[in-house]
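Numbers -21 to -1, 1 to 657, taken from mature numbering (1 follows the signal peptide of the UniProt record, and there is no 0), label the letters of the sequence shown in order.
Ideal placement from N, C-alpha and C gives every residue a C-beta, glycine not left out.
All values reported here derive from a predicted model rather than from experimental measurement.
Take a look at the structure set out below.
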Amino acid sequence: MGSSALSLTLLLMSLILAGLTQDLPRPTLTVTPDSPVFTGERVSLKCEINSDHSDWRYEWNKDRTKVSESYRNTLTIERSKTSDAGLYTCKGQRNGRPNSSQSSSAVSLSVKDLPTSTLTVTPDSPVFTGERVSLKCVINSDHSDWRYDWYKGRDSVMLQTSERYTVNRDTLTIRGATESDQGQFWCRGQRDGRPYSSQSSSVSLRVTALPRTTLTVTPDSPVFTGERVILKCVINSDHSDWRYEWYKGSVMLQTSERYTVNRDTLTIRGATASDQGQFWCRGHRDGRSVSSQSSSAVSLTVKDSPRSTLTVTPDSPVFTGERVNLTCVIESYSNWRQRNGLKYDRRYDWTPAWRPEWRYEWYKGSVMLQTSERYTVNRDTLTIRGATESDQDQFWCRGQKDERPKSSQSRSVSLTVKDSPRSTLTVTPDSPVFTGERVDLTCVIESYSDWRQRHGLKYDWRSDWRYYQTYEWRYEWRFEWFKGTESVMLQSSERYTVNRDTLTIRGATESDQDQFWCRGQRDKRPNSSQSSSAVSLNVTALPRSTLTVTPDSPVFTGERVTLKCVIESYSNWRYEWYKDSVMLQTSEHYTVNTDTLTIRGATESDQDQFWCRGQRDERPNSSQESERINLSVNVSAASSSLLVTGVVVGLSVCLLFFLSLLLMWRYKKNKDSDHIYD
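Here you go:
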């Protein structure tokens, strides 16, 4: 009997030891928002206990000191302060068994002051009217996802993008400053779900008028051919570091054989009639975006013998088949007359009160022209009927008469005869393109640099100051875009953007497959370019991704689950794995190995939607997303019976332990009785 009792005791002790090794539940502590938080923010700490019991009381500790206890699993700090920083833990208490959980891992809460904002202004104040001013808001923070708010004036008016202000994240741009822009500016930033930054110091912006400029000419106009002419530019300013710009009409002048530009002085050495025109000047300072005010234009008149001026209608280049008129105009005289290259013979002129008349001479290159099958010479006009490429050359004219004054020779005019400009259409990226890609079609029209899309409106140089300063005004081209055999003309829409010479398709679809072509139109000649060759755009669907799961769902807790992503074509894929919207990486529980995701020992927390897709460096850059597969995880039969087995075994152990104690007590009592009798 003693041997049986000892065996039973050992069995009970082993079962008790096995029961004692079972761990108490361990809570998980999370903090929202992520640490560090900023002073004034609302902070939530959540304690989650993985247990079948719901009657937990939650104990909260900061730096090992109890700070709160309640039946809510969330501790909320309404307006955080730096004193709230520390190490937080939580644990659960309850009346039944188990009567407590383990303590959670400590979570560090860091509370920082709001980041400071600094505002800078370029260029330095004061700025001049018309200048472009950039204000930049710099927030001293490790985060980059700030939204910036801009304010002006004592009333703190919040600024938005408008006709004159552009708000681009951390930069406020004033296009063409005026005196109304003077005032105090300041900025601050905010993040989604996070507080404002602290307000920047205000910056005072002062705007002053552009300095006035005066232009003087020595000697007084009119001047005569051969004279030395000095033009002086005086800027009413306290600054001396001006760079001076000189203009004749809209053309900026540089030092040349006949002109000398020396800072504020322009010298014309030996004036000629070609120097006549409107002269004006202005100044620039390094590092500033505007000039001084332009001086008033001064008209320079150079007197000489009458000049001959040759005009061509229509403007060169002309196009094959057009009728061309060249007109020779001699200024200040009304009695110039064409004499077909012959000396004037008064016997054939019945004009009353005869006076010496001018004879017009026409030249192509060095050859004097007469009326012929294709050329008609009629006094001051030369007409070319149906221009061809053989008419390309230098044309000039002059007037002759027997008495003075004699005209000078006109400048030669180059006549260029061309076919209508050709249009070439290019597509980026190369066809075929893939669904979702951005496609740019560019229309290039040869020989013209000024083709620009104007949406059917005439170009108005008055609204384009930059263009007016640089070029003479010209009629501009409008680009027309067509799709399909029915030649449907395209306009900007939700998916198409027509921007000058470029048609952009945002997110190509199979419906975009078709023939595309373009051409240019304008209000003056040439009225139309040649149409480009049609380009075929092919749109191909992105490669499909297929997701398989082994073993079939549902799986059971503890099983190894393998998900495989198969992409139908191309190679060098980088595979991305998602559980719902969360991208998965290799961890203790998951193994990501290119096209395979392995779950080692499935749990109920793995129940979710899984999907995959591919990314690569070459086109196509991505595949389609696979269909989402619902992974269902069931508790295995062995796990469900474990609790019942544990309860039965526990009760058996307690009963056997009690019987063992009773037997040992009776054994000792009997032994003591025998000893007394002995």
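With a threshold of 16 other CB atoms inside 10 Å of the CB of residue i, please say whether the residue is buried or exposed.
i, result
"Arg645", "exposed"
"Tyr226", "buried"
"Arg498", "buried"
"Glu633", "It should be noted that the sequence gives Cys, not Glu, for residue 633. Burial call: exposed."
"Thr197", "exposed"
"Arg154", "exposed"
"residue 685", "Nothing can be reported for residue 685: it is not among the residues displayed for the chain, which extend from -21 to 657."
"Ala250", "buried"
"Glu236", "exposed"
"Ile209", "exposed"
"Val22", "buried"
"Ser351", "exposed"
"Val230", "exposed"
"Gly168", "buried"
"residue 660", "Missing from the structure shown is residue 660; the chain here goes from -21 to 657 and no further."
For residue i versus residue j, is the C-beta distance shorter than 7 Å?
i, j, result
"Leu98", "Val182", "yes"
"Gly19", "Asp42", "no"
"Trp125", "Ile118", "yes"
"Leu420", "Leu482", "yes"
"Thr157", "Thr108", "yes"
"Val418", "Thr403", "no"
"Ser411", "Thr488", "According to the sequence provided, residue 411 is Pro. The question's Ser does not apply to it. In this structure, Thr488 does not lie closer than 7 Å to Pro411 by Cβ."
"Ile214", "Thr192", "yes"
"Ala85", "Thr61", "no"
"Lys115", "Asp149", "yes"
"residue 732", "Trp35", "The question about residue 732 has no answer, for the chain in this structure spans -21 to 657."
"Thr582", "Thr536", "yes"
"Thr570", "Thr541", "no"
"Phe413", "Leu521", "yes"
"Pro6", "Ser83", "yes"
"Arg592", "Ser524", "yes"
Under three-state DSSP, which class holds residue i?
i, result
"residue 685", "Outside the displayed span of the chain (-21 to 657) sits residue 685, for which this structure offers no information."
"Asn517", "coil"
"Arg377", "strand"
"Val614", "coil"
"Arg207", "coil"
"Glu555", "strand"
"Glu38", "strand"
"Gly629", "helix"
"Lys60", "coil"
"Ser471", "coil"
"Asn357", "strand"
"Lys648", "helix"
"Leu8", "strand"
"Ser584", "helix"
"Asp160", "helix"
"Asp439", "Confidence at Asp439 is low in this model, with a pLDDT of 41, below 50, so the placement of that residue should be treated as unreliable; the coordinate-derived value is given next. Three-state DSSP puts Asp439 in coil, outside helix and strand."
"Asp370", "helix"
"Glu224", "strand"
"Ser96", "strand"
"Ser490", "helix"
"residue 682", "Because the chain in this structure spans residues -21 to 657, residue 682 falls outside the shown range and cannot be described."
"Asp253", "Residue identity check: residue 253 is Ser in the sequence provided, not Asp. Reduced to three states, the DSSP call for Ser253 is helix."
"Leu348", "coil"
"Leu189", "coil"
"Leu3", "coil"
"Leu232", "coil"
Return the Cβ separation of residue i and residue j in integer angstroms, given the expectation that the two are a contact with Cβ distance under 8 Å.
i, j, result
"Leu184", "Val100", "7 Å"
"Leu279", "Ser200", "5 Å"
"Asp359", "Leu394", "17 Å between Cβ atoms; not a contact."
"Arg457", "Gln500", "5 Å"
"Arg595", "Arg553", "6 Å"
"Arg364", "Arg353", "6 Å"
"Asp585", "Leu610", "6 Å"
"Ile309", "Gly266", "With 8 Å as the limit, Ile309 and Gly266 do not qualify as a contact, their Cβ atoms being about 50 Å apart."
Starting from residue i, follow its DSSP beta bridges and name the residues at the other end.
i, result
"Phe298", "Lys397"
"Met643", "DSSP, once it has assigned bridges, lists no residue as partnering Met643."
"Asp419", "Thr407 and Thr483"
"Val281", "Val202"
"Asn572", "Thr575"
"Thr476", "Thr483"
"Arg504", "Answer is none; Arg504 lacks a bridge partner."
"Thr288", "Val308"
"Glu340", "Arg377"
Would you say the beta carbon of residue i is closer than 6 Å to some non-hydrogen atom of the ligand ADP?
i, result
"Arg598", "Ligands in the displayed structure: none, and consequently the ligand ADP is not present."
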